[in-house]
Structures are given as C-alpha cells and as structure tokens.
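Peer 1:
2 protein chains.
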Amino acid sequence: MTIEYDQLPQNPANFVALTPLSFLQRSADIYPRREALIYNKRRYNWSQLRSRCTRIASSLAARGIGKNDTVSVFAFNTPEIFESHFSIPMAGAVLNAINTRLDAATVAFIIDHGESKLFICDRQLWPVLRKALETTRLKPEIVIIDDADANEKPALPDDIEYSFYEDLVEHGDDSFVWRPPEDEWQALSLNYTSGTTGQPRGVVYHHRGSYLMTMGTVVSWGLPLHPRYLYTVPMFHCNGWGHVWTMTALAGTVVCMRAFSPKLLFELVEEHAITHFGGAPVILNMLANAPESDQKRFDRSIQVMTAGAPPPAKVLESMNQFGFEIMHVYGLTESYGHILQSAAQDSWAQQSIEKQAELKARQGVRFAMTEAVDVIDPETGASVPWDAETIGEIVIRGNTVMKGYLKDEEACSKVFKDGWFFSGDLAVVCDDGYIQIKDRAKDIIISGGENISSVEIEGVLYRHAAVGEAAVVAMPDEKWGEVPCAFIELKTNAEATESELIEFCKENMARFKRPKKVVFGELPKTATGKIQKNLLRDTAKEL
Amino acid sequence: MTIEYDQLPQNPANFVALTPLSFLQRSADIYPRREALIYNKRRYNWSQLRSRCTRIASSLAARGIGKNDTVSVFAFNTPEIFESHFSIPMAGAVLNAINTRLDAATVAFIIDHGESKLFICDRQLWPVLRKALETTRLKPEIVIIDDADANEKPALPDDIEYSFYEDLVEHGDDSFVWRPPEDEWQALSLNYTSGTTGQPRGVVYHHRGSYLMTMGTVVSWGLPLHPRYLYTVPMFHCNGWGHVWTMTALAGTVVCMRAFSPKLLFELVEEHAITHFGGAPVILNMLANAPESDQKRFDRSIQVMTAGAPPPAKVLESMNQFGFEIMHVYGLTESYGHILQSAAQDSWAQQSIEKQAELKARQGVRFAMTEAVDVIDPETGASVPWDAETIGEIVIRGNTVMKGYLKDEEACSKVFKDGWFFSGDLAVVCDDGYIQIKDRAKDIIISGGENISSVEIEGVLYRHAAVGEAAVVAMPDEKWGEVPCAFIELKTNAEATESELIEFCKENMARFKRPKKVVFGELPKTATGKIQKNLLRDTAKEL
Chain C
1 MTIEYDQLPQ
11 NPANFVALTP
21 LSFLQRSADI
31 YPRREALIYN
41 KRRYNWSQLR
51 SRCTRIASSL
61 AARGIGKNDT
71 VSVFAFNTPE
81 IFESHFSIPM
91 AGAVLNAINT
101 RLDAATVAFI
111 IDHGESKLFI
121 CDRQLWPVLR
131 KALETTRLKP
141 EIVIIDDADA
151 NEKPALPDDI
161 EYSFYEDLVE
171 HGDDSFVWRP
181 PEDEWQALSL
191 NYTSGTTGQP
201 RGVVYHHRGS
211 YLMTMGTVVS
221 WGLPLHPRYL
231 YTVPMFHCNG
241 WGHVWTMTAL
251 AGTVVCMRAF
261 SPKLLFELVE
271 EHAITHFGGA
281 PVILNMLANA
291 PESDQKRFDR
301 SIQVMTAGAP
311 PPAKVLESMN
321 QFGFEIMHVY
331 GLTESYGHIL
341 QSAAQDSWAQ
351 QSIEKQAELK
361 ARQGVRFAMT
371 EAVDVIDPET
381 GASVPWDAET
391 IGEIVIRGNT
401 VMKGYLKDEE
411 ACSKVFKDGW
421 FFSGDLAVVC
431 DDGYIQIKDR
441 AKDIIISGGE
451 NISSVEIEGV
461 LYRHAAVGEA
471 AVVAMPDEKW
481 GEVPCAFIEL
491 KTNAEATESE
501 LIEFCKENMA
511 RFKRPKKVVF
521 GELPKTATGK
531 IQKNLLRDTA
541 KEL
Chain F
1 MTIEYDQLPQ
11 NPANFVALTP
21 LSFLQRSADI
31 YPRREALIYN
41 KRRYNWSQLR
51 SRCTRIASSL
61 AARGIGKNDT
71 VSVFAFNTPE
81 IFESHFSIPM
91 AGAVLNAINT
101 RLDAATVAFI
111 IDHGESKLFI
121 CDRQLWPVLR
131 KALETTRLKP
141 EIVIIDDADA
151 NEKPALPDDI
161 EYSFYEDLVE
171 HGDDSFVWRP
181 PEDEWQALSL
191 NYTSGTTGQP
201 RGVVYHHRGS
211 YLMTMGTVVS
221 WGLPLHPRYL
231 YTVPMFHCNG
241 WGHVWTMTAL
251 AGTVVCMRAF
261 SPKLLFELVE
271 EHAITHFGGA
281 PVILNMLANA
291 PESDQKRFDR
301 SIQVMTAGAP
311 PPAKVLESMN
321 QFGFEIMHVY
331 GLTESYGHIL
341 QSAAQDSWAQ
351 QSIEKQAELK
361 ARQGVRFAMT
371 EAVDVIDPET
381 GASVPWDAET
391 IGEIVIRGNT
401 VMKGYLKDEE
411 ACSKVFKDGW
421 FFSGDLAVVC
431 DDGYIQIKDR
441 AKDIIISGGE
451 NISSVEIEGV
461 LYRHAAVGEA
471 AVVAMPDEKW
481 GEVPCAFIEL
491 KTNAEATESE
501 LIEFCKENMA
511 RFKRPKKVVF
521 GELPKTATGK
531 IQKNLLRDTA
541 KEL
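Heads up: the sequence lines are chains C and F, in that order. Under the working numbering, the first residue of the first sequence carries the number 1, and numbering increases by one thereafter. Under the working numbering, the first residue of the second sequence carries the number 1, and numbering increases by one thereafter.
1) Got a sec: is the Cβ-Cβ distance from C:Trp-386 to anything in chain F below 8 Å?
2) Return yes when at least one heavy atom of the ligand COA lies under 7 Å from the C-beta of C:Thr-539, else no.
3) Look up C:Gly-404 in the DSSP assignment and say whether it is helix, strand or coil.
4) Return the first residue and the last residue of the alpha helix (DSSP H) that F:Ser-562 is part of.
5) With DSSP collapsed to three states, give me the class of C:Met-257.
6) For a quick check, are the C-beta atoms of F:Val-460 and F:Leu-536 less than 8 Å apart?
7) Roughly how many angstroms separate the alpha carbons of C:Ile-339 and C:Trp-221, rounded to a whole number?
8) Which of the three DSSP states, helix, strand or coil, is assigned to F:Phe-322?
9) Curious, which full-length alpha helix (DSSP H) runs of at least 4 residues does the stretch 165-228 of chain F contain?
10) Given a threshold of 16 other Cβ atoms within 10 Å of its Cβ, counted over all protein chains shown, does C:Thr-497 qualify as buried or as exposed?
11) Might you give, ordered along the chain, the residues of its own chain that have their beta carbon closer than 8 Å to the beta carbon of F:Gly-302, omitting 5 neighbours on each side?
12) Can you round the beta-carbon distance between F:Leu-359 and F:Ile-391 to whole angstroms, since I take them to be within the 8 Å contact cut?
13) Check C:Asp-146 in the structure and name its three-state DSSP category.
14) Give me the DSSP bridge partner(s) of F:Met-305.
15) Please list the partners that C:Ala-132 has in chain F, where partner means a Cβ-to-Cβ separation under 9 Å.
16) For the beta strand (DSSP E) holding C:Gln-341, just list the boundary residues, first then last.
17) Does the count of Cβ pairs from the stretch 82-102 of chain F and the stretch 56-69 of chain F closer than 8 Å reach three?
18) Less than 8 Å between the beta carbons of C:Gly-398 and C:Ala-372, yes or no?
19) Return yes when the Cβ of C:Tyr-162 is within less than 8 Å of the Cβ of C:Leu-156, no when it is not.
20) Less than 8 Å separating the beta-carbons of F:Ser-47 and F:Ala-28?
21) Rank F:Asp-387, F:Ile-111, F:Asn-99 and F:Val-467 by C-alpha distance to the C-alpha of F:Gly-433 and give the top, closest one.
22) So what does C:Asn-96 bridge to, in DSSP terms?
23) How do the stretch 13-33 of chain C and the stretch 174-184 of chain C stand: do at least 3 beta-carbon pairs fall below 8 Å, yes or no?
24) Can you list, in chain order, the residues of its chain with a C-beta nearer than 8 Å to that of C:Lys-67? Leave out the 5 residues immediately preceding and following it.
25) Count the C-beta pairs between the stretch 209-220 of chain C and the stretch 239-251 of chain C that are closer than 8 Å, then say yes if the count reaches three, no if not.
26) Where does C:Leu-156 sit, in a helix, a strand or coil, going by DSSP?
27) Among the candidates C:Ser-293, C:Ala-280, C:Trp-241 and C:Arg-258, whose CA atom is the shortest distance from the CA of C:Phe-266?
28) Determine the extent of the beta strand (DSSP E) in which C:Ala-427 is found, giving its start and end residues.
29) Note down, in chain order, all residues in the stretch 398-410 of chain C with a beta-carbon under 7 Å from any beta-carbon belonging to chain F.
30) Among residues of its own chain, excluding the 5 on either side of F:Ile-142, which ones have a beta-carbon nearer than 6 Å to its beta-carbon?
31) Can you give me the C-alpha to C-alpha distance between C:Gly-240 and C:Pro-234, rounded to a whole angstrom?
32) By the three-class DSSP mapping on this structure, what secondary structure does F:Asn-289 have?
33) How is F:Val-434 classed by DSSP in three states: helix, strand or coil?
34) Find the nearest neighbour of C:Met-509 within the set C:Ile-488, C:Ser-210 and C:Glu-456, judged by alpha-carbon distance.
35) Tell me whether the beta-carbon of F:Glu-83 lies closer than 8 Å to the beta-carbon of F:Ile-145.
36) Closer than 8 Å, CB to CB, is C:Ile-548 near chain F or not?
As structure tokens, then:
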C-alpha cells in the first residue's frame, strides 16, 4: 500500500517548521501575566517580554535585517541577551552571541568572518569592540546596551554612530508579524568556539535542533512546569546550554546574573526561590570554598546542571550540604551543549557517598533528543569494549548536532565521517554503558569552564623574539580546574623571564588565556621530533 | 550571507528522522533492568521488552511485512498491544489497532480498506474476526494472542491457519536490525474513527507526529522521569493517547489493565504505586459511584488525564477525595489525541471549589507541540471574540495533525482548508483565552433562532443527584423549529420525574434552554462508549 500511505502530503495545517520561537508565542498566550524575567529591579512577564521582542524584531527588520543576516550580541547575562534569542530570529536573522572575555582581535575576526550586520554591545565592552572595529573589513551598525547596573561605564564615542538598545524597543512596532523560519533547517545561531587550532570556528545551529534540544532536556533532566532558573551560565556559551528556550517552553521564571559571585548566587537562590541553575565545576568549587558567612543552606532540593569538566567527587559531595543536587552532563558547542548525562540509577542510592560521587562524575549516557553516542576506535570505527579501559573517541549522531562550521568545508569534512560527528574527546565505556572521558582532545585546556587552545597560546609565544620552541599544557589549579602552563626552549643566547613572557601573552590575546606559569628548559621529544605533551603534563602536575 | 548559511547540508550525523522507536532503544540502553511492563504475573524490564519487540519485528519481516504494510491488532490492554506499538513499526510497517467493541462488519471493512496483511487478534475476539473474514476480500495472515488471564477462551479454528503470538517471539531473531523510517513523514499507524455516523475513516499518523506528541505531552502535563502509569485508556484509542510512546521515553513503568472495573483500578493504583492514569469522564463517574467498599483514598496526589467529554464539575470535585488530580484535555483522533488542556493558572487556587471545577471543565489552551488552535467563524474565517458567547468552530494547526484520511481525498479536502484542520467542534473563547466546547456541529440545537448547547444542558442535569448519564438532542418543534429533549439514565435505585428534572434545569440555567421533554432509559452507545446521539435524534423525531 506504498502509494496510498505516501499520497497524503504535508500541508500548512499538519506540517509546521519546528522552531523555539513557538515557545515564546505559547507561553505569552497562555501565561501572559506570569513573571518571565527578573534582573535586579527589572521585571517582565511573558506578555511584556513578547512585546519587547516583537518590537526589537520590527526595529531590526526596519534596518534591513532579514533571513540569514548575522546579528552579534556581546553582552553579559542581562535581559537584553535573553531577548536577543527571540528577537533576532523573529526577524529571520541569525543570533551570534560572543564570549565577553574575548580580545579585540578575535572579536574583529568574528565580525568579518560571521559578516555581522548589526552589533549589540554592552557598554562595558565598548572599548573592546572599538579596538576591534579599527581592523575589521566590515562595519556593522552598533547598538549599545546601557545597563544602569553595570560597574564600568566607559565613555561612548562621538565619532562613531550608534543607537541605544532601548530605542529598538521604544520605536518598535508591537503589531510586527514575526517571521517563522521558512524551513526548520534554517540557521538560528552562530557560536564561535575557540577550537583546537587557535582559529575560532563558527558553529551554526538550526531551528529544528534548538527546538528538539529543549524537548529532550525537559525529558532527561526531568524539568517541571514553571521552574525558577538562575542564569549563571553565560548565554554566549551554546546559547546558555539552550536554557533560554527551554525555560520559555516551560513558562519558567528566569533570574539574570550579570556577574557571578558566590555570595550573590546564594542570595538570589534564596530571594527568588530558585529551583534550578547551572555552572561549570569551577563555579561549584567557588561556592564550596566561599566564606561561610556568604553561604546558605537550603532545606529543599535545588537542581544544578554542571558541565565542562568532570566535577571532582569532593565538589559533588560538598554540594549536598547546600541542598544542591548535581546533574553532570557533557557536550560541545557543536552538539548544542549537553548530550550526555550521568543519569542516576536506582541502585546508586545504596552506594557510599564517595562511590556515588564517582559514578556521577562520569559523562554518562545520552539525552532523549540524542540518537546515538558511541566510543569508537577512530582507526577501525569499531565500538570499544565496555571495559572502562580501552580508550576511543566519542562520536555523536542526532538532531542536535550542528549544521556545520560556517565557511569551512575542510573542518566539516574532518568531523563528519561515516555517519558520525567526531568529538575529538577521548573516553572509555564502563561496564554499565556509561561513558567516561579520559583525556580531552589533548590540546585543550579547560579553565573556569572556558576552553583555551594551547596551540593559540603557543602561537603567541612563538611570536616572542626569544622563544625557540613552546609547548603549553594544562596545569591543575584549585580555583580554575586547569590553567595553562608553558614550557619554553629559548633560542640560543636569547634571554627572557617568566613574567616577561606572561606579560607578552596578556598583551597579545585574551587576558584569561595567558599562561600562569612558564618553565624553561629542553622539550622532550619523540623519535620523529614531536613534543611529548603527555610528559609535560605529568611535569605540570608536580609543579 | 544566504549562501553560506544554506551551504551546510544535512548528513547522517546531524539529521535523523524523528521516530518514537528511538525512545525504546534509549530506555533499553540506559535502564535495561528497570521494570517496564506489568500485567498480572507477567513482568518485563526494558531490556526484555526491547528483545521481545525486536524478535517480533524480525518475525514480521520474515513473513514479508515491510514498509507501508498494514498490520492490524485487535486486542485488549495486554502487553501484546503495547509491544505492537514498537515491533510493527520496527519492521517498517503500519500499526492498525482496532477497537475491541467493533462488530464483524466494521472489522471486515477495516481489513479491506486498510489492506491488512497480518492480523493479530486476542483469542476472546476470534469469533468477531472469524465472522469478519467470511466477507472480506483480503485474507490477512492470522496471529492469535492466547492470554492465560482472559475470561473467555473460545475454540480456535481447525479450518483456518494461524500462529500464536508467542511463536513470533520465540522464533524471532534477537539480532534483527530494526528499520528506522526512511523519512519522518512515513506512516506509523492507522486509526479508524468510529464517528457517530457513517463509514469509519482511516486516520494516518506519521513518525514525526508521534515523536513530537510525546515531547509536548511531557512538557505540558509536567510528566516526571519514571512515572508509574496504569493503562486504563484503550490502546486502540489514538494509540492510547500516545502514552505508549510517552511512558517509554520517560522509562516509566506501565501496568496493563485488560478490562476496567472500579474495584480493580483502586487495587492496582495501590498495589503498583501508580502515579498517573487516564480515562473518559464516564470512567471517573464509575469511580465516583462505585460502592464505598471498592473505593480507596490515597494521601498522595495521583495525576489523571481525562478527555472525551467535558467532565461535569461534580465529577471533578468528587475525584479530589481519592487523591486524583484531574487534567482535562481535548483532542480528536485526527490530532493524535490531546492538543488542548485546561492548564491551571496560579490565580485559580483562590477560587471556590465549584468555580475551580468550572474553570477546569473547559477544554483550555494548546499543548506545547501544538502550533495554533483558534475558534473561527467558519463562514468568514475570522476569530471569534473572547466573550464566552460567540460560537465558532475549533481549528487546529501543528505537527500532531494527521497525515490525512487514507484513500479519501474528498474527506481530506473538507477538513484541510485555509491552513487549518477543521475539527467540527463548536466552541467559544472565554475572556482568559480558554476554549470551551459548546457542541459538535451536528449536536447544536437551534431553537427560535437561538443556539442552544446540548453540552451545557447535560452539565446541569449531571448536577442532579439522581442522574447517572444524560444526553440532550434536538427534537422538532412546530413553534420553535427545534427544542431540547433529554435522555436520562438514572443512577441505580435513584428516582426522579420528568417535571422535577425540567424544573431543576429552569432553576440552573437560562429558562429557554430547558429540555421540553425528558425520556428515561438506557442510553445507546457506540463501541467506544460514545453515546449515539444520532439514534436519540431519530427517537426524538418520533416523540
């Protein structure tokens, strides 16, 4: 009966392109008066939020922004970046949220590579943008977020044209008809990763993926209706792990946190009866190590999603005392964020606290929207045995794997192979099928939840006149998890000091990426002349 | 940048056809030892269940069943029909679950119209199938479910070939590689609507729709991980409202109920710590009216989804005493089941119990997977005002609207118009945007030019202590054109007179809406338990 079943075509009533924009429409329709967004004294309900987003979208459209145009947002976790997740795609355009810690050169690269047509910038970050614009080929239109609660308010230019963000709202049109994607495969956002090779790569998300990311997160994290979510995770990271859209689908209440401090987090959790938040292990570590007078203990259970590095068992344990229940997840920018979770099994409850922490510290099993994750021998493509010993590469298949890297076919063809996305992360599979990472792709240093490419730092170091050879590896750090440590072989007769090289790095790239330690000496090499980073890593552990 | 964003194509790693079959793979991978299905003494965990489904799928494939082949299942709520929701599509085929109350002639119609290639039949229903096969053009292969716990075990034929269901399992191949749909728009199931008049229509679901139905139900019903679901709703109704797939996605535990009785329901809820179940208001009514010795009260909250008719406020109220929290939903077979829900608002908590019941008895607002629902003037297409008075037709748009009616282009073109699916249900919109059904189009009574909702009159009648069931239809009237006529089934041992009930109506609603006649007796019902108003209408014409 092939013909008859296949003779029932799609029509506008039974086929609608999946898009997370639908969530805002629904929550504003059904829960118009429910509190949506809180930031200090500012409060928007779902009706107000939709109205603001609609007005901004209309203002963007009036400026000629439309389908497949890139709009950059360089901002902290304030309502504006939350709104941008809706308003920019409502105009048909692509949201490009930029890491606030990036240096001017990288921002300039992103503007030109991503072809940013309009750039929304927090006033505090204006000096970085200004410097970036000195070298960019493209000059996007500038919109300034002038947050009254910002700590720093650098002077605004009188030689460059700009508008204020609130003007987009004020002069916007409430009756603007938003533009649903023509196709659910249409680009939704553009997220630059630091990458392993130094050059940032533009990871493109589509509407379908973000819709399904939301749905699968609700199922697998067991999210209830109307959660109260504290936005500690920067929204420029994988679109805030997709929770902008997820919390909207659930008509939750989102509390914005412009800058993190343990004291403020505890206060906000209490003041707003927060039920969920997220953070890299470094954040959890800071909570655990905060002065006792800043800490608060809650007699209810608060759900916390953590990602970026395996949380040390000690941190997991220490969270219990606050009432924080940790869900450890794993993902990459390329997979829209989390795609594995250390999903709890009933049997774990009978284990010791240490054992439980150990089990939970693994990366785990796939989320509901993830079709398949495996660990394979990259040479043969065969799955590794579930022996917790044999190392292979994590490969992923599913609808929350990126469209691809913008303008980089070569990079795409390297990661998309044999029906899989190759993560570059090395892992084992335990006897219960849970995946555990053994070694991040070895060049990456994860510091405070940020990926730092060792190759990029080496590239800067190599530019110093005295440096003969450079190798950067991760060094364990109590506060940041890992920090970069540089091993340097100086050129013959050349001289340089540790502080001189660190200063040089600070001047030539984002400050947070600079090595915290520099060690001078001969670099160990293999017979073929490759630097043995594994040995350097061991050395760094002893420092 | 249109070209660059659009130059990132779909590939097998980043685009996977949505299918509810993925849920079984995932739950069996992650929670293999968790209890999946319980039926009397039978117990299957997720690993066992997947293994059984895989074997059955392999047996079907070995019999030549493949893509777009129809496999019928004529069975009560036992594990076999649950498994069929996976095994049949795992072979690439289309599941056609048939209402167990249908007569042989209708079953024969379905076999021929749906081109059933294989027919899985509960032994108790064999006499119906046997009779049906006497007249069918097609003779599908027969598979008998021989349930040890069946009440009736009619003799099996010695003149017709058949196999037993368990043979499919036993001789199946555990290593069979299931066939994901080639396209998410591929047919998944075929559900014949009984309709209250005329020939049954074959409603075709696709994989995409059922996947999204699951996801949206989790979001909007606020389902947790690992629910314990009692399957009271027949799985032949809209595939059991999609909960076969939803409970699998959540790795829940499903308890099968072959035949409903209030006593058994209370016992199973207690024995298996049930957290969720569903049922038409008539089921709730039976629970409320069961002998007190059969009832149980629970000091925890059990979530109950009800659909099929607006639950009388009184029934909603009475459920509270058992610990049953009712979510009233609305949908049609054509919309995969529920697409509206009487989603609770915070403000309702301050209302009286009666007022709350009244608010909850409305059909409500759309589910998360439903793109749009409106009430429009079918002539002009304009939305009705939110005045709770102006009647229009409910129209629906979304990915859980059927592919179409099998082999019935004319019927398709009648319901798919102007970008909407036309439901045939008449409703108003209240001032909070909640939709309330006033009647099926054909059930509305037009008296002296006024539209009178039969549902409204029935709602009043249900509040009378003696009324068990009530149905109101139009009766021809020389003066008014039509007037309401009520058909009443009294509760056991209860008494009431015609004038008493008419008086009761006069006191409780607009006088002109009162029934002019009341007829006592048993109400005629369809196989699905719907009151056959067409027969009552015929009766009323003779009065």
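Using N, Cα and C, we set each Cβ at its ideal position, and we do this for glycine too.
Peer 2: Quick answer:
1) no
2) Annotation note on the ligand COA: not contained in the displayed structure, which lists no ligands.
3) strand
4) No statement about residue 562 of chain F is possible, as the shown extent of chain F runs from 1 to 543 and does not include it.
5) Note: C:Met-257 maps to coil in three-state DSSP.
6) no
7) 11 Å
8) coil
9) Taking 4 residues as the minimum length, the alpha helix (DSSP H) runs contained wholly in the stretch 165-228 of chain F are 165-170 and 207-221, in order along the chain.
10) exposed
11) The sequence shown places Ile at residue 302 of chain F, not Gly. Counting only Cβ-Cβ distances below 8 Å, and skipping sequence neighbours, we find Val-269, Ile-274, Thr-275, His-276, Phe-277, Phe-322, Gly-323, Phe-324 and Glu-325.
12) 20 Å between Cβ atoms; not a contact.
13) coil
14) F:Gly-278 and F:Met-327
15) Here the premise fails: no neighbours, minimum Cβ distance about 19 Å.
16) 337-341
17) yes
18) yes
19) yes
20) yes
21) F:Asp-387
22) C:Asn-96 is bridged to C:Ser-72.
23) yes
24) Gly-92, Ala-93, Arg-179, Glu-182 and Gln-186
25) yes
26) coil
27) C:Ser-293
28) 420-429
29) Gly-398, Asn-399, Val-401, Met-402, Lys-403, Gly-404, Leu-406 and Lys-407
30) When the five nearest sequence neighbours on each side are left out, the beta carbons in the same chain lying within less than 6 Å of the beta carbon of F:Ile-142 are those of Phe-119 and Tyr-162, in order along the chain.
31) Those two C-alpha atoms are separated by around 6 Å.
32) helix
33) For clarity, residue 434 of chain F is Tyr in the given sequence; the question names Val instead. Coil at F:Tyr-434, not helix or strand.
34) C:Glu-456
35) Going by C-beta atoms, F:Glu-83 is not nearer than 8 Å to F:Ile-145.
36) Outside the modelled stretch of chain C, which goes from 1 to 543, sits residue 548 of chain C, for which no answer is possible.
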